[in-house]
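Engineer: The numbering of the sequence shown is my numbering, which starts it at 275 and goes up by one.
Built from N, CA and C at the ideal position, the CB exists for glycine as well.
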Amino acid sequence: MKIIYWDIDGTLLNTGSAGLYAMTEVFQQLHGKDTPMPMIAAGGRTDNYICQQLLYKAHGVMPTDTEVQEFCRHYEATLLKWLRKKGKNGGVFSQVRPLLSYLDGLKNVTQLLLTGNSEEGARLKLEFFALASYFDFSVSGFACNFYYRDDLARNAYKIAKNTWGSEIEEIVVIGDTPYDIQCGKAIGAKTVSVATGHYSYEALKACNPWIVTEVLPSPKDFAALLKLL
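Okay, here's the thing in structure tokens:
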């Protein structure tokens with residue numbers, strides 16, 4: 275069997291910055307509405323890392339794991355409201371629905387998530403855009419208690435190995451940032467990079483993924499890629 279791990283934000287969809295608005299609301303609830311939220315380079319990072327850095331830059335002291343998790347839970351509780359407000363400004367990228375549907379029909383392919391979102395955050399986003407049914411959340415990779423993407427990728431790979439063992443023939447990681455490439459390589463996966471997020475084709479190519487493309491391939495073209503595995 276082949277496992278295809280998908281990133282979410284910037285790869286499958288754009289939330290219209292709903293996550294940023296949700297985090298800003300939580301941050302200002304804690305620090306006051308007039309307090310500007312620190313700038314964090316969030317692309318490819320985990321929710322835990324982003325929340326940790328927000329709190330660190332606000333206070334100058336590294337927050338505890340408990341404080342980070344509390345911030346993340348407040349963010350999750352706020353996210354759906356902002357998806358409803360801002361989601362219409364984003365949307366699902368071209369080729370995503372036909373490609374997910376095509377892969378869902380292949381008996382030797384399992385589609386999972388490998389995302390910096392928490393499980394709840396991922397579920398909210400994918401359910402809002404009607405994509406959740408394509409993925410098995412029980413064996414996917416989420417931020418959980420991890421701050422760095424390589425660690426959550428290794429944990430996801432461990433779960434997959436414990437679930438399917440020697441049935442796994444090949445693993446593919448699809449994402450839109452250098453961190454997706456890096457974490458894919460950390461588990462020996464083939465990496466497919468799409469320049470649909472904040473990183474350019476050239477920036478992704480410089481990270482030496484297996485495949486780099488401006489947009490996701492059509493089902494027919496992706497089928498040709500699978501034959502190369």
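#1: So the alpha helix (DSSP H) I448 belongs to, where does it begin and stop?
#2: With a 10 Å radius around its C-beta and 16 neighbouring C-beta atoms as the bar for buried, classify E350 as buried or exposed.
#3: Decide yes or no for the touch test of the stretch 364-375 against the stretch 324-340: beta carbon pairs closer than 8 Å, at least 3 of them.
#4: Any chance you could list the alpha helix (DSSP H) runs of at least 4 consecutive residues sitting entirely within the stretch 308-373, in chain order?
#5: Are L499 and P491 close, meaning C-beta to C-beta below 8 Å?
#6: Pop quiz: T320 and G390 are said to be a contact at Cβ under 8 Å. What is the actual Cβ separation, rounded to whole angstroms?
#7: If contact is defined by three or more beta carbon pairs under 8 Å, each pair taking one atom from either stretch, is the stretch 462-479 in contact with the stretch 293-301?
#8: Which residue marks the beginning of the alpha helix (DSSP H) containing V489, and which one marks its end?
#9: Per DSSP, what kind of secondary structure is S375 in: helix, strand or coil?
#10: Between K381, D378, H305, which lies nearest to F345 when the distance is taken from Cα to Cα?
#11: Compare the C-alpha of T309 against each of M297, S467, G317 and name the closest.
#12: Does D454 come out as helix, strand or coil in the three-state DSSP assignment?
#13: Hey, quick one: how far does the beta strand (DSSP E) through K276 stretch, first residue to last?
#14: Provide the residue(s) that pair with T384 in DSSP beta bridges, ordered along the chain.
Structural biologist: Put simply:
#1: Run containing I448: none in the alpha helix (DSSP H); it sits in the beta strand (DSSP E), 444-449.
#2: buried
#3: no
#4: 321-333, 339-360
#5: yes
#6: 4 Å
#7: no
#8: Element bounds for V489: n/a, residue is neither H nor E.
#9: helix
#10: H305
#11: M297
#12: helix
#13: 276-280
#14: I277
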